[in-house]
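One structure below.
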Amino acid sequence: MPVIFLIGPTASGKTSLSLKLARKLNAEIISCDSMCVYKGMNILTSKPSADDMEKVKHHLIDIIQPTREFSVAEYRSMALEKIEEILKRKKNPLFVGGSGLYIKAVIDGLFPSAEKDLRFRKKQEALAEKYGKSYLYKKLWKIDSDRAKKIHPNDLRRVIRALEIYHTEKKRPSELAIDTKPLKYDFKIFGLKLDRDELYKNIDDRVYQMFKKGIVEEVRKLSKKKLSMTSQKALGYGEVLGYLKGEYSLEDAKELLKKNTRHFAKKQLTWFRPDRRIIWASNFTTGAWHHL
Numbered sequence: 004m005p006v007i008f009l010i011g012p013t014a015s016g017k018t019s020l021s022l023k024l025a026r027k028l029n030a031e032i033i034s035c036d037s038m039c040v041y042k043g044m045n046i047l048t049s050k051p052s053a054d055d056m057e058k059v060k061h062h063l064i065d066i067i068q069p070t071r072e073f074s075v076a077e078y079r080s081m082a083l084e085k086i087e088e089i090l091k092r093k094k095n096p097l098f099v100g101g102s103g104l105y106i107k108a109v110i111d112g113l114f115p116s117a118e119k120d121l122r123f124r125k126k127q128e129a130l131a132e133k134y135g136k137s138y139l140y141k142k143l144w145k146i147d148s149d150r151a152k153k154i155h156p157n158d159l160r161r162v163i164r165a166l167e168i169y170h171t172e173k174k175r176p177s178e179l180a181i182d183t184k185p186l187k188y189d190f191k192i193f194g195l196k197l198d199r200d201e202l203y204k205n206i207d208d209r210v211y212q213m214f215k216k217g218i219v220e221e222v223r224k225l226s227k228k229k230l231s232m233t234s235q236k237a238l239g240y241g242e243v244l245g246y247l248k249g250e251y252s253l254e255d256a257k258e259l260l261k262k263n264t265r266h267f268a269k270k271q272l273t274w275f276r277p278d279r280r281i282i283w284a285s286n287f288t289t290g291a292w293h294h295l
């Protein structure tokens with residue numbers, strides 16, 4: 004049986020579906036969420052409940068303190084180890100999450116670290132400002148169409164990074180990718196995709212529940228620690244911290260979190276959209292699993 008990836012934007016219903024799927028497939032869940040690795044951020048990251056994790060074994064949740072940085076390379080190494088451990092127990096690995104970079108790292112491997120050239124980046128940003136994002140995308144397409152196919156034309160950060168790799172390494176980014184080791188097992192990627200109104204309603208409901216469960220107190224405790232740059236980026240932390248600092252009201256914090264979560268969901272979908280390996284569906288109870 005292939006390694007299964009269940010992906011999708013935040014609040015799309017991955018957690019509830021993954022529990023049903025894990026029982027159906029005799030699987031253990033490997034979290035693919037860049038924030039769920041941190042301890043003490045249960046409400047912020049909407050982690051599965053203790054009851055859920057007791058019913059189905061989960062991995063790579065609550066593994067480091069939020070004061071520590073955590074890289075995609077570390078995640079990939081741990082995830083590959085978990086796959087082997089799960090298979091030895093005669094179980095099936097089921098990846099669940101929405102962190103596109105982490106998912107891609109497990110499946111396709113990592114690019115070798117290329118030198119950074121901040122001056123080159125600023126120059127490309129200026130060109131994009133002057134001529135538009137499509138100008139840089141066309142430039143990348145001429146240099147490396149294979150790499151360009153995997154990047155959305157509006158994803159300026161990744162387009163510039165690809166151009167930067169070519170500039171510093173004097174090699175096409177897709178050529179460098181050949182040196183990486185992709186996942187050695189067969190895999191299938193299933194994506195949960197809801198219509199916008201339903202997704203936005205789920206996001207509103209999630210934000211309501213987060214405040215009901217005590218996100219304000221959780222952020223208050225976290226704010227007393229020296230959080231890493233990465234963990235500070237957790238959705239909800241900055242929004243609630245602004246309220247705690249008296250910058251705006253509690254209601255404003257709630258609305259800001261809803262707005263930023265919607266924006267984040269859009270970014271996740273933009274990341275996933277170019278990957279044609281993903282089997283998208285809004286309801287996986289109607290036979291979509293025949294792809295297995």
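Under the numbering used here, the first residue of the sequence shown carries the number 4, and numbering increases by one thereafter.
From the three backbone atoms N, C-alpha and C, an ideal C-beta is built for every residue, glycine too.
Quick caveat, the model's predicted, so the values are computed rather than measured.
Taking C-alpha atoms, which residue in the options lies nearest to residue i?
i, options, result
"Asp147", "Glu178, Arg122, Asn157, Leu83", "Glu178"
"Met4", "Ile86, Asp208, Gly112", "Ile86"
"Leu24", "Asn45, Lys60, Lys142", "Lys60"
"Asp208", "Lys257, His170, Arg161, Phe193", "Lys257"
"Leu90", "Ile33, Pro12, Glu172", "Ile33"
"Ser246", "Cys35, Ser231, Asp36, Phe214", "Per the sequence shown, residue 246 should be read as Tyr rather than Ser. Nearest option by C-alpha distance: Phe214."
"Leu1", "Asp54, Asp36, Ser37", "Look at the range of the chain in this structure, 4 to 295, and you will see that residue 1 is not part of it."
"Asp149", "Ala82, Asn157, Val162, Asp120", "Val162"
"Asp65", "Gly43, Arg79, Arg71", "Gly43"
"Ala82", "Lys58, Lys187, Asp200, Thr171", "Lys187"
"Arg279", "Ser234, Glu201, Tyr240, Ile192", "Ile192"
"Lys58", "Tyr240, Lys125, Thr18", "Thr18"
"Glu167", "Gln127, Pro185, Tyr134", "Gln127"
"Phe8", "Asn95, Ile218, Met56", "Asn95"
"Gly101", "Arg92, Tyr140, Gly16", "Gly16"
"Lys184", "Asp111, Glu201, Asp200, Gly103", "Asp111"
"Asp36", "Tyr138, Ala30, Val75, Arg265", "Val75"
May I have the straight-line CA-CA distance separating residue i from residue j, to the nearest angstrom?
i, j, result
"Thr323", "Cys39", "The structure shown does not extend to residue 323, since the chain spans only 4 to 295, so no value can be given for it."
"Ser52", "Asn205", "18 Å"
"Glu250", "Val243", "10 Å"
"Ala165", "Leu195", "28 Å"
"Asp182", "Tyr203", "The predicted position of Asp182 is uncertain, since its pLDDT is 45 and thus under 50; a value taken from the coordinates is nonetheless stated next. Straight-line Cα distance between these residues: approximately 40 Å."
"Tyr105", "Trp274", "12 Å"
"Ile46", "Val222", "9 Å"
"Leu197", "Ala284", "8 Å"
"Pro12", "Gln271", "6 Å"
"Lys27", "Ala129", "52 Å"
"Thr289", "Leu20", "Here the model assigns Thr289 a pLDDT of 48, short of 50, so the residue's position is not dependable and the matter cannot be decided."
"Val6", "Lys261", "33 Å"
"Lys236", "Lys224", "16 Å"
"Pro156", "Glu132", "14 Å"
"Leu253", "Ile10", "32 Å"
"Ile281", "Lys216", "34 Å"
"Leu230", "Lys152", "36 Å"
"Gly241", "Lys93", "42 Å"
Can you tell me where the beta strand (DSSP E) with residue i in it begins and where it stops?
i, result
"Ile281", "281-284"
"Ile32", "30-34"
How far does the alpha helix (DSSP H) with residue i in it reach, from first residue to last?
i, result
"Lys93", "Taken as a continuous stretch (DSSP letters only), Lys93 belongs to no alpha helix (DSSP H), as it is neither H nor E."
"Ile106", "103-111"
"Arg265", "253-275"
"Arg175", "Per DSSP, Arg175 belongs to no alpha helix (DSSP H) and is neither H nor E."
"Met213", "199-216"
Mapping the DSSP letters down to three states, classify residue i as helix, strand or coil.
i, result
"Tyr188", "coil"
"Tyr138", "helix"
"His170", "helix"
"Phe73", "coil"
"Ile154", "coil"
"Leu230", "coil"
"Thr289", "Any reading at Thr289 must be qualified, since the residue scores a pLDDT of 48, below 50, and its modelled position is unreliable; the value itself is stated next. The answer is coil: DSSP assigns Thr289 none of H, G, I, E or B."
"Ala237", "coil"
"Asp182", "Low per-residue confidence applies at Asp182: pLDDT is 45, beneath 50, and the placement is therefore not dependable enough to give any value."
"Lys17", "helix"
"Leu47", "coil"
"Ser148", "helix"
"Ser52", "coil"
"Met4", "coil"
Quickly, what does DSSP pair residue i with across the bridge? List them, please.
i, result
"Gly100", "Ile10"
"His61", "Ile32"
"Leu247", "DSSP, once it has assigned bridges, lists no residue as partnering Leu247."
"Phe123", "In the DSSP output, where bridge partners are listed per residue, Phe123 has none listed."
"Tyr41", "Ile67"
"Gly194", "Ile10, Trp283"
Verify the CB distance criterion: does residue i have a CB-CB separation below 8 Å to chain B?
i, result
"Lys204", "This model lacks chain B altogether, as it is built from one protein chain only."
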